[in-house]
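Residue numbers (my numbering): 160 to 315. Glycine residues also receive a C-beta, built at the ideal position from the N, C-alpha and C atoms. These notes concern the structure reproduced below.
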C-alpha cells in the first residue's frame, strides 16, 4: 500500500483517535504524520487498521504522558446549558468531558465508541486484557456520566 493510500484510508481514524486522546488539533496532525512515517518505515503486514490504531494511540498516550499534561475539566456554566443543546454544542461538551479522563481511559472510550473496535481489538492495540478493556470502559463511562449529567441532564 502506498503512503497516500494509507492517508486516504486511515487518516481520519488516526486524527480522531489522536485528537480525542491529546485534546489538541496540532498534536493530532503531528501524530498522523508520525504514524504515516512509521508506516513507510515498517511496511506492516496484516490488519493495517489495527496497527495504525495501535501506533496512533500509543503515540498520543506517550505524548500526553511525556508532557505530563493534566487537563482540567472545562468550566461550563449550568445555566447556559439550555443554549448549548444544539447537536454541535453537545458534541463539544462531550469532547471536553473526554478530556477529563486519563489517556488510557480516553483511548478505550475512543476505540470502542468512535472507532467501533471490539474489546479483543482494543486489548491488542493497547496491550491490555479484554477484561481490563471492559472494566476501563465501564469506569470511564461512569465518570463521563458524572461529568455530563449536571451539564446536559435529561438528555443522557
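Asked	Found
Report yes if the C-beta distance between residue 269 and residue 179 is below 8 Å; otherwise report no.	yes
Could you give the distance in angstroms between the alpha-carbon of residue 233 and the alpha-carbon of residue 224?	At residue 233, the pLDDT of 49 sits below 50, so the modelled position is not reliable; the number obtained from the coordinates is stated separately. About 20 Å.
Is it buried or exposed for residue 292, if we count other Cβ within 10 angstroms and need 16 for buried?	buried
Quick check on the DSSP output: the alpha helix (DSSP H) that includes residue 175 runs from which residue to which?	162–181
I'd like to know whether the C-beta atoms of residue 280 and residue 185 end up nearer to each other than 8 Å.	no
What is the rounded straight-line gap between the Cα of residue 320 and the Cα of residue 273?	Outside the shown range of the chain (160 to 315) lies residue 320, about which nothing can therefore be said.
Specify the secondary structure class of residue 216 as computed by DSSP and reduced to three states.	helix
Assign residue 277 to buried or exposed, taking buried as 16 or more other Cβ atoms, counted over all protein chains shown, within 10 Å of its Cβ.	exposed
In its own chain, which residues sit with a C-beta less than 7 Å from the C-beta of residue 203, not counting the 5 before and 5 after it?	210
Report the residue ranges of all alpha helix (DSSP H) runs contained in full by the segment 253–282; include only those spanning at least 4 residues, in chain order.	262–268
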